[in-house]
Amino acid sequence: MLIIDGKKVSLDLKNELKASVETCQAQTGKVPGLTVIIVGHDPASQVYVRNKAKTCKEIGMISTVIEMAADTTEKDLLDTIHRLNNDPAVHGILVQQPLPKQIDEFAVTLAIDPSKDVDGFHPENLGRLVMGHLDKCFVSCTPYGILELLGRYKIETKGKHCVVVGRSNIVGKPMANLMLQKLEATNCTVTICHSATKNIPFYTRQADILIAAIGKAGFITADMVKPGVVVIDVGINRIEDPSTKSGYRLVGDVDFEGVSAVASAMTPVPGGVGPMTIAMLLKNTLQSFQRKNDL
Ligand code: NDP
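Heads up, the sequence shown is in the working numbering, so the first residue is -19 and it goes up one at a time.
Below, the structure written as structure tokens:
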């Protein structure tokens, strides 16, 4: 069975991005800038934001983190976003989720200038994705990373049946829509399953490519897949493990041990889809810079 190694691909990609940033600097005298806003003190969000800032710097981009208090009003956050929308040194704006209760996440998504929405959450970007204009939008980072993995591992997708389990706006829906496009590493027949789907194994057993984005540890078991399936495991779930120092470990939505005996290729957790997400965020930021500078 082939392990689809997201850790390795993300390192290759970061080296490529670093070289592109150097080229941008030589051509324009400027480098791309990503600004991340974090509201409040959610520990997991703080780790994500730190990692994004660190990776940004590693590849030579300007990274700015704006920390706002947990009781920030929606208006204050929207004012900050409007200021960044008008700042030519900022090419990508990301507001880390989840946000405190007093702030409407959709209002925040709508406030970000679509041309700087490197998360790809704005309806204009999602709409362009659905219409197949991938070169004129930002694709949300996790589905974009999966597309990159399928492409680099030359997984045959044309005419295959892709089953996506999960329909969130940030993973399942854009993922399913991507796999439907008539493009390289896509062009599939697509089925989407969710919590109201009756008899999920009936659908997953038909999958040539199975993408699990559910948020339930080990949900997909060996009896739910057909021999030779390519499995992409998006899930990141914490389970208790007294044998580790922290007392827990991370697992995916797929029972790796059981399914790997049946599948032809699979992403591990950790080290599969996860490392690709930050790399694609930086790729989107670079793309924003290139578009704004006609490169
Ligand atoms: P959401 O909770 O927003 O969505 C989960 C989806 O799974 C929903 O559509 C839900 O259905 C569906 N679902 C939940 N339970 C079942 C069930 N029993 N049977 C069938 N479908 C079910 O999660 P996200 O999409 O944001 O994330 C999914 C997973 O991926 C999480 O583990 C998350 O941590 C991980 N993730 C990983 C990333 C990475 O970089 N690797 C990035 C983003 C997420 P319904 O719509 O009906 O409620």
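Every residue gets a Cβ at the ideal spot worked out from N, C-alpha and C, and that includes glycine. Note that this is a predicted model, so its numbers are computed, not measured.
| Check | Outcome |
| --- | --- |
| Whole runs of the beta strand (DSSP E) within the stretch 161 to 217, excluding any shorter than 3 residues | 169 to 173, 189 to 192, 210 to 213 |
| Heavy atom of ligand 1 within 7 Å of V98 beta-carbon | no |
| V253 beta carbon near ligand 1 (any heavy atom closer than 7 Å) | yes |
| Given 8 Å, three or more beta-carbon pairs between the stretch 260 to 270 and the stretch 134 to 151 | no |
| Residues that L14 bridges to, as DSSP identifies them | S43, G72 |
| DSSP state of H21 mapped onto helix, strand, coil | coil |
| Presumed contact (8 Å Cβ cut-off) between C156 and V144, rounded CB distance | Before going on, a small fix: residue 156 reads as Ala here, not Cys. With a Cβ gap of about 4 Å, A156 and V144 count as contacting. |
| Heavy atom of ligand 1 within 7 Å of V151 beta-carbon | yes |
| Within 8 Å, strictly: CB atoms of L190 and V214 | no |
| Proximity test, N31 beta-carbon vs ligand 1 heavy atom, cut-off 7 Å | no |
| Minimum C-alpha distance to N273 - residue among V253, P68, A187, L129 | P68 |
| Extent of the continuous alpha helix (DSSP H) run through L127 | 121 to 132 |
| Span of the beta strand (DSSP E) around V234 | Looking at the DSSP string, V234 is not in any beta strand (DSSP E), and its letter there is neither H nor E. |
| Three-state secondary structure assigned by DSSP to R147 | coil |
| Own chain residues within Cβ distance below 7 Å of P94, not counting five before or after | H102, E104, N105 |
| Closer than 7 Å: K140 CB and nearest ligand 1 heavy atom | no |
| Sub-8 Å separation of G72 and V98 beta-carbons | yes |
| H113: CB within 7 Å of a non-hydrogen atom of ligand 1 | no |
| As assigned by DSSP and simplified to three states, the class of A259 | helix |
| T52, enclosing alpha helix (DSSP H) - first and last residue | That residue, T52, is in no alpha helix (DSSP H); it is neither H nor E in DSSP. |
| Proximity of G13 and T44 at Cβ, strictly below 8 Å | yes |
| Close-in-space but distant-in-sequence residues of the same chain around L163 (CB under 8 Å, 5 per side omitted) | G112, L114 |
| Closest residue to I258 among Q76, L(-18), H62 (Cα-Cα distance) | Q76 |
| Contact check, V253 vs G131, beta carbons under 8 Å | no |
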